[in-house]
Each structure stands twice: as structure tokens, then as C-alpha cells.
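In the working numbering, the protein residues as written are 2 to 292.
Here is the structure:
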């Protein structure tokens, strides 16, 4: 007894979603509980499974189709015909035709149909959350030096992101022309404040992260360091790097530290010191007008 687990993730360009994969994982767990071996059919760009279009149908006794809308398109009818000898099972499907008209399954545990409806299966999948990472990158400000240097600094951040599983939120701090449609400083800070960590090549990416209690890895896009590095040193924040003075391993270590509880405590203390110091700046400013 062996099943082939399929879904819209088994066909190219069919818009497989996170819900499809989560529901698939639930069904695979159920198959293991039932003592049924299985393969998972995956199509590009997904990897690690078998190819449903070339696999030998005779290798399977059961065909399972998981999640999504399910109708009588030629692709589906042709696919089902290849596995006509298998017991066919549909799970978490929205059946597009009344079951009295068309139901190709030996066992159908649908999400919704002309007969019934059930909660979506992804509700049973374990929640495998990852860090939410704000990426705040410099663009074309000339005071940041040569364009090549800016590109190198941004590229170092992009490599760091690529090496880690995380939910990336790209945050543009410009307000005259904002690439993410943000319209005010409050909207920008609201996003930054909800991040687990921020990776930035911008000075205000550094400052607004610290202000909102979010650990930050900053790369100064000027060789040897300029205002980003100087500001981090002024604030007493240590995960800052000047272009040309670090490698990817240094960024990896800084990123790992910023995800710790210690880093959260450090950033709160850093913010408190800075705000206390700025009270003196305020008093000096006000006193000048009274003199």
C-alpha cells in the first residue's frame, strides 16, 4: 500500500498557497498514522518530491489530492485517468460541481461541496513561525558615497537574508516617494516596531529600530564608516559594521545575537541612555532662547 500525495503544488503555475502546503502536511501525518507509505508530487519551483507527470502510476495503490478548488478541467480528468487503478481520495477540497453530477473520489473529505462544509484543514497544522525581519536599505543619497559602495552594503544585507529563513518586510523610510506606499513617520515606525529584528544600511533604520526597542544589524555603506557607524557608537549599539571591515560570518553572528532576549534588553537600555542624554540637549536649546 502506497499513496501519491498531490495538490496544486504538483502542477506548474497553478498558484499553490501556504494553505495547500499546510493541509498537505496534515494529510501526510494522517497517512503515517494509518501506516500508509507515500510520496509527495511537487512541480517547479518546488523541489524534493516526485514528478507527477512522469512517475509510474503502477507504483501506487492510492492517489490523494489535497486542498483547493477542484473541478472537471481537462488537466484534472487526464491526471485522474492516469491513476484510474488507484483508490482516489480527495481532502480539503472545494468541489465546484454538485456531487450528484461529478465526484471522482472513492473517499471525499471535502472542505465544502453541495452536501456539506468543514473547517479548513490548515487549522490543524503546527505553526512553524520564523523571525519577522525588517529590511531598510539606502538608495541614492549622494552623501553615502559611491554607488558601488552602497550596492556592496545592500548586497551584504541581502546575502544575510538569503541565508536565513525569515519573513521579510521591506521598509522604505523615504516619505516623498515611498516604495511601499507608507505615508507618514507613524506608519513607518509602526512597521519597524513590530519587527523581531531590523537589517539596515540607513541611519534612521538604525535609530528608529532602537527607538522602538527592536534589535538592529546595521551596515554603514561608506568604506571605513560614516554617519551610520558614528551614530551607533554614539548610542552605544554594537552590532554595526563599516563597509570593508566584516565578512558574512560576522553578520550571521550579529543577526543571531539580535534574536536573543539579551539583545532586547540591550536595545531598551540603549534607548533609555540616548533619551536621557537628549533631555540635556533640549534644556540647552530652550535656555539659549532665554539668554
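Glycine included, each C-beta is placed from N, C-alpha and C at the ideal position.
Is residue i helix, strand or coil by DSSP?
| i | result |
| --- | --- |
| residue 208 | helix |
| residue 123 | helix |
| residue 135 | strand |
| residue 81 | helix |
| residue 229 | helix |
| residue 199 | strand |
| residue 179 | coil |
| residue 261 | coil |
| residue 187 | helix |
| residue 99 | coil |
| residue 174 | coil |
| residue 238 | coil |
| residue 215 | coil |
| residue 16 | coil |
| residue 283 | helix |
| residue 129 | coil |
| residue 57 | coil |
| residue 74 | coil |
| residue 274 | helix |
| residue 160 | helix |
| residue 248 | coil |
| residue 292 | coil |
| residue 140 | coil |
Per DSSP, which residues does residue i bridge with? Please list them.
| i | result |
| --- | --- |
| residue 253 | For residue 253, which the question treats as bridged, DSSP gives no partner whatsoever. |
| residue 63 | 4 and 88 |
| residue 118 | 113 |
| residue 221 | 243 |
| residue 108 | 90 |
| residue 69 | 94 |
| residue 38 | 3 |
| residue 169 | 134 |
| residue 268 | Answer by DSSP bridge pairing: none, since residue 268 is not bridged. |
| residue 51 | 42 |
Below 8 Å between beta carbons: does that hold for residue i and residue j?
| i | j | result |
| --- | --- | --- |
| residue 241 | residue 215 | no |
| residue 193 | residue 180 | no |
| residue 42 | residue 27 | no |
| residue 87 | residue 63 | yes |
| residue 271 | residue 236 | yes |
| residue 166 | residue 131 | yes |
| residue 97 | residue 69 | no |
| residue 107 | residue 95 | no |
| residue 60 | residue 12 | no |
| residue 125 | residue 197 | no |
| residue 287 | residue 252 | no |
| residue 232 | residue 208 | yes |
| residue 205 | residue 174 | yes |
| residue 20 | residue 118 | no |
| residue 83 | residue 58 | yes |
| residue 171 | residue 249 | no |
| residue 37 | residue 15 | no |
| residue 158 | residue 65 | no |
By Cβ distance, which residues of its chain are closer than 8 Å to residue i, with the 5 residues on each side in sequence left out?
| i | result |
| --- | --- |
| residue 294 | Because the chain is modelled from 2 through 292, residue 294 falls outside the range shown and cannot be assessed. |
| residue 47 | 10 and 17 |
| residue 162 | 134, 136, 169 and 200 |
| residue 190 | 209, 212 and 213 |
| residue 274 | 236 and 237 |
| residue 164 | 249 and 253 |
So, for residue i: in the same chain, excluding its five sequence neighbours on each side, which residues have a beta-carbon less than 7 Å away from its beta-carbon?
| i | result |
| --- | --- |
| residue 105 | 81 and 89 |
| residue 22 | 10 |
Spatial neighbours of residue i within its chain, please: C-beta separation below 6 Å, excluding the five flanking residues on both sides.
| i | result |
| --- | --- |
| residue 1 | What the structure shows of the chain is the stretch from 2 to 292, and residue 1 is not part of that stretch, so it cannot be assessed. |
| residue 226 | 243 |
| residue 39 | 4, 6 and 32 |
| residue 183 | 189 |
Nearer than 7 Å: is that true of the beta carbon of residue i relative to any heavy atom of the ligand PLP?
| i | result |
| --- | --- |
| residue 43 | For the structure depicted, the ligand PLP is absent and the ligand set is empty, with no information on it obtainable. |
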